[in-house]
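Please read the structure below before turning to the comments.
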Amino acid sequence: MVFQRSRFATHLVVISALVFMTGCNTDPNSENNFTGLTVKLLVGSALGDFCNQAAKNFNTTQPKLDNGTAFQVKCESLGSGDVVTKVVALAEQLQKGTVQADAADFPTIISLDGDIYHSQLIYRMNQLFPGKNYIPEITESSLVANTPMVFMAQADIASGLRKVADPYKALVTAKTHRDIDPTSPPVTVHYVHSAPTRSNSGLQTLVAQYASVSGKRPEEITVADVQQFQPQIQQIQSKITRYGVSTNSLAQAMVKNGPFWASVGSVYESSVIVANSGLATGQQRYQAVYPKATFTSNMRAIIPNAPWVSADEKAAAEKFITYWRSPETQKIATDLGLRPGTPGVALGAKFSPDFGVEPQAKYDSLRPPKPEVVDAMLKSWQELAKKPSLVVVVVDSSGSMSGDKLPAVQNTLQNYIKNLGPKEQIALIDFDSVIRPPVLVDGTPQGRDRGWQFINELRADGGTKLYDAALEARNWLQKNLRQDAINAVLILTDGEDAGSKIRLNELEAELKKSGFATDQRIGFFTIGYGKEGEFKPDVLKAIAELNGGYYSQGNPETISQVMSNLQVEF
């Protein structure tokens, strides 16, 4: 089964820490002091904000069960693929007896951002526990919100996409948008969607591509079809700028970086609304293009019929779901760009052309394929269709990395190397006062051995030639650019530059020569490691954002997840 073999499966089980408010808190209803029943929701990322806001409002009502037990709800959001992986991993531990049914990690309510991953969860749980039916069928779970999959583009490109019967078919062969429609600008097709192994929108996009090139409804596609039409999928994937964990972040990056970074993206309708809601002065508005047939991302509240859901937890869950689906609470969803799950709730002001969408959009809603076909699609994508990548990973090993920092980075790099796919390569560069030659690593046994040796030889010592190391990585990548691949630099540092020959303004000028306005299209990503007072986040943001990437912050507790999320981009 693909999920078991997936290169992501070893590091997607993420137990998120609950962040408590600091200082003195005398509120008896605060999480610090609450002693009643806590109901955990594990939801897909598209539903995260709606879940959090609804839960916060619900908890202020001091809810109680009919038997008088006080309870509260709390939300955790992950990519839908991550939700499935986490729930199945917990269920496997329950089966082995390594966790008990009353463990706090088990969610009482689960929600996926679409029916395909819902179907996958049922399929995997039924394989673990045949005949138990722990996960209810799709139609048995209440709809909380929904949003259709759309193409997102600027107006002149969007108008051309609307003129073709099937934009996915056009993406197979088109090199520029003028190849799709003669009236469109001659902009090269640069395409983005999220990673299907972790994101519902990415999986729905991949299935829709197969439906398009095969000419079949998704539920009619066979495993043999997946193999037959894989070359056309690979042609579409060859136009990818970057994959991503979050659909909303991809949409916002499109607005920020412009059409030469990504001219078209497959995103949620709600992502178009979110992106247009935060436009800065001078940024162009984007539009949603509704395919004639597309997936509706149905977000349902799933209460497992499982040993880890007690009678009290089920009763509490049902009370919250009733509140969640109430017309008053559903207005929160519409403010966030989601369509309501409860009939009769008005869409609200954001569902208008001013926010790039059509309030009365008409399309044929697609249904999920068979679970084994989805497995075959994901396997084919990982091994064959996914766009290759070459990423230079620049690791700061200066003296300030001593203590628990360096071991955490070493463990993280080890996981990174373990999870390299067959089409991915990385070059590892270690720097302090000296910038050492790159070590080329891939997913072969020999490549991984080179990576282990690099990790073993890391020592915390010396200064921080950050700017020189960044330029060295870019220069090496320029000379070794991997054609028809995602080429990027990822820098991890815990300090300010010290001792570089080049200055920041000179580095920025150099990076412009290889950015997304050039044929080289080298992206930059930066991680500030530790406390922000120890390094300059503004500098790291500038380096990354200049070349179409972004800055993240990590520490010994979070660095593994930060790097795991970044690895999905490539």
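So in my numbering, spot 261 of the sequence shown is number 247, and the numbers just go up one at a time. By construction, the Cβ of each residue, glycine as well, lies at the ideal position given by its N, Cα and C atoms. Please read all numbers here as calculations on a predicted model, not as lab measurements.
In or out: D88 buried (at least 16 other Cβ within 10 Å) or exposed?
Here the question's residue 88 lines up with position 102 in the sequence shown. Result: exposed.
If the criterion is Cβ atoms closer than 9 Å, does the pair N541 and V231 meet it?
Residue 541 sits at position 555 when you count from the first residue of the sequence shown. Residue 231 sits at position 245 when you count from the first residue of the sequence shown. Not closer than 9 Å, so no.
Cβ neighbours of S388 in the same chain (closer than 7 Å, five flanking residues each side left out)
Position 402 of the sequence shown, counted from the first residue, corresponds to residue 388. A446, listed in sequence order.
From A471 to H176, what distance separates their C-alpha atoms?
As a working mapping, residue 471 is identified with position 485 in the sequence shown. As a working mapping, residue 176 is identified with position 190 in the sequence shown. Between A471 and H176, the C-alpha separation is close to 12 Å.
Spatial neighbours of R434 within its chain, please: CB distance less than 6 Å, with the 5 preceding and 5 following residues excluded, ordered by chain position.
Position 448 of the sequence shown holds residue 434. Hits under 6 Å: I403.
Closer than 8 Å by C-beta to D390: which residues in its own chain qualify, once you throw out the five before and the five after it? Chain order, please.
As a working note, residue 390 is residue 404 in the sequence shown. Excluding positions up to five away in sequence, the list reads P542.
Can you tell me the Cβ-Cβ gap for G327 and N38, rounded? I've got them flagged as a contact below 8 Å.
Here residue 327 refers to the residue found at position 341 of the sequence shown. Here residue 38 refers to the residue found at position 52 of the sequence shown. With 8 Å as the limit, G327 and N38 do not qualify as a contact, their Cβ atoms being about 17 Å apart.
Classify S2: buried if its beta carbon has 16 or more other beta carbons within 10 angstroms, exposed otherwise.
Here residue 2 refers to the residue found at position 16 when the sequence shown is read from its first residue. Confidence at S2 is low in this model, with a pLDDT of 36, below 50, so the placement of that residue should be treated as unreliable; the coordinate-derived value is given next. Here S2 is exposed: its Cβ has fewer than 16 other Cβ atoms, across all protein chains shown, within 10 Å.
Run through DSSP, which three-state label would Y120 get?
Counting from 1 along the sequence shown, the entry for residue 120 is found at position 134. Coil, per DSSP.
Look up S500 in the DSSP assignment and say whether it is helix, strand or coil.
Taking the sequence shown and counting its residues from 1, the one referred to as residue 500 is at position 514. If DSSP states are grouped into helix, strand and coil, S500 belongs with coil.
Three-state secondary structure (DSSP) of Y515
The residue you call residue 515 lines up with position 529 of the sequence shown. Y515: strand per DSSP, three-state reduction.
Could you tell me which residues DSSP pairs with Y177 in its beta bridges?
Along the sequence shown, read from residue 1 onward, the residue named residue 177 stands at position 191. Y177 is bridged to I226, V250.
Whole angstroms is fine: what's the gap from N284's alpha carbon to Y309's?
Along the sequence shown, one-based indexing puts residue 284 at 298. Along the sequence shown, one-based indexing puts residue 309 at 323. Each residue's Cα considered, the two are about 18 Å apart.
Nearest to T233 by alpha carbon, out of V420, G330, G30, D211?
As a working mapping, residue 233 is identified with position 247 in the sequence shown. Comparing C-alpha distances from T233 to each of V420, G330, G30, D211 shows the shortest one belongs to G30.
Quick one, which of P293, I288, T227 has its alpha-carbon nearest V85's?
Working through the sequence shown from its first residue, we reach residue 85 at position 99. Residue P293 is the option with its Cα nearest to V85.
Own chain residues within Cβ distance below 6 Å of T12, not counting five before or after
Locating residue 12 in the sequence shown gives position 26, counting from the first residue. Confidence in T12 is poor, its pLDDT being 41 and thus under 50, which makes the residue's placement unreliable; the coordinate value appears in the next sentence. Correct list: empty, nothing qualifies.
Pairwise C-alpha distance: N19 and M7:
Locating residue 7 in the sequence shown gives position 21, counting from the first residue. Locating residue 19 in the sequence shown gives position 33, counting from the first residue. With a pLDDT of 33 at M7, under the threshold of 50, the modelled position of that residue is not reliable, and the figure given next carries that caveat. In this structure, the alpha-carbon of M7 lies about 11 Å from that of N19.
N- and C-terminal bounds of the alpha helix (DSSP H) containing D568
Only positions -13 to 556 of the chain appear in this structure, which leaves residue 568 out of reach.
Output the distance between the C-alpha atoms of Q238 and R271, rounded to the nearest integer angstrom.
The sequence position of residue 238 within the sequence shown is 252, counting from 1. The sequence position of residue 271 within the sequence shown is 285, counting from 1. The alpha-carbon atoms of Q238 and R271 are separated by roughly 11 Å.
Alpha carbon to alpha carbon, what distance is there between P49 and K317?
Stepping through the sequence shown from its first residue, residue 317 is reached at position 331. Stepping through the sequence shown from its first residue, residue 49 is reached at position 63. Those two C-alpha atoms are separated by around 21 Å.
Using 8 Å as the Cβ pair cut-off and three pairs as the minimum, do the region 366 to 375 and the region 414 to 424 touch?
no
In whole angstroms, what separates the C-alpha of G514 from that of V525?
Mapped onto the sequence shown, residue 514 falls at position 528. Mapped onto the sequence shown, residue 525 falls at position 539. Between G514 and V525, the C-alpha separation is close to 10 Å.
Quick one: using the 10 Å Cβ neighbour count with 16 as the cut-off for buried, is L(-2) buried or exposed?
By one-based count along the sequence shown, residue -2 stands at place 12. Only weak support is given to the placement of L(-2): the predicted model assigns it a pLDDT of 36, under 50, and the value that follows is read from those uncertain coordinates. By the neighbour-count rule (16 or more Cβ atoms within 10 Å), L(-2) is buried.
Local Cβ density within 10 Å of T512, reported as buried at 16 or more and exposed below that:
Locating residue 512 in the sequence shown gives position 526, counting from the first residue. The residue is buried, with at least 16 neighbouring Cβ atoms inside 10 Å.
Reducing DSSP to helix, strand and coil, say where S538 ends up.
Here residue 538 corresponds to residue number 552 of the sequence shown, with the count starting at 1. Strand, per DSSP.
Reduced DSSP secondary structure (H/G/I, E/B, other) of L552:
Residue mapping note: residue 552 aligns to position 566 of the sequence shown, counting from 1. In this structure, L552 counts as helix in the three-state DSSP scheme.
Determine contact between the region 116 to 132 and the region 218 to 232, defined as no fewer than three beta-carbon pairs at a distance below 8 Å.
no
Answer yes if the region 375 to 383 comes into contact with the region 474 to 486, meaning at least three C-beta pairs across the two stretches below 8 Å, and no otherwise.
yes
Neighbourhood of V258 by C-beta distance below 8 Å, restricted to the same chain and skipping five residues each side
For this step, residue 258 is matched to residue 272 along the sequence shown. Hits under 8 Å: V136, M138, A237, Y272, Q273, A274, G323, F341, G342, V343.
Backbone secondary structure at Y349 - three-state DSSP:
Residue numbering aside, residue 349 sits at position 363 when the sequence shown is read from its first letter. Three-state DSSP puts Y349 in coil, outside helix and strand.
Quick one: Cα of S105 to Cα of P354, how far?
Residue numbering aside, residue 105 sits at position 119 when the sequence shown is read from its first letter. Residue numbering aside, residue 354 sits at position 368 when the sequence shown is read from its first letter. Going from the Cα of S105 to the Cα of P354 covers about 8 Å.
Identify which residue in A210, Y536, W438 has its Cα closest to the Cα of A362.
The sequence position of residue 362 within the sequence shown is 376, counting from 1. With distances taken between Cα atoms, A362 lies closest to A210.
Contact the region 68 to 81 vs the region 91 to 101: 3+ CB pairs below 8 Å:
yes
Which residue marks the beginning of the beta strand (DSSP E) containing S232, and which one marks its end?
Against the sequence shown, residue 232 aligns to sequence position 246. Where S232 is concerned, there is no enclosing beta strand (DSSP E), given that its DSSP letter is neither H nor E.
Does Y536 get closer than 9 Å to chain D when you measure Cβ to Cβ?
The chain inventory of the structure shown lacks chain D, comprising one protein chain alone.
Using the rule of at least 16 other Cβ atoms within 10 Å of the residue's Cβ for burial, across every protein chain shown, is K499 buried or exposed?
Translated into positions along the sequence shown, residue 499 becomes position 513. Under this definition K499 is an exposed residue.
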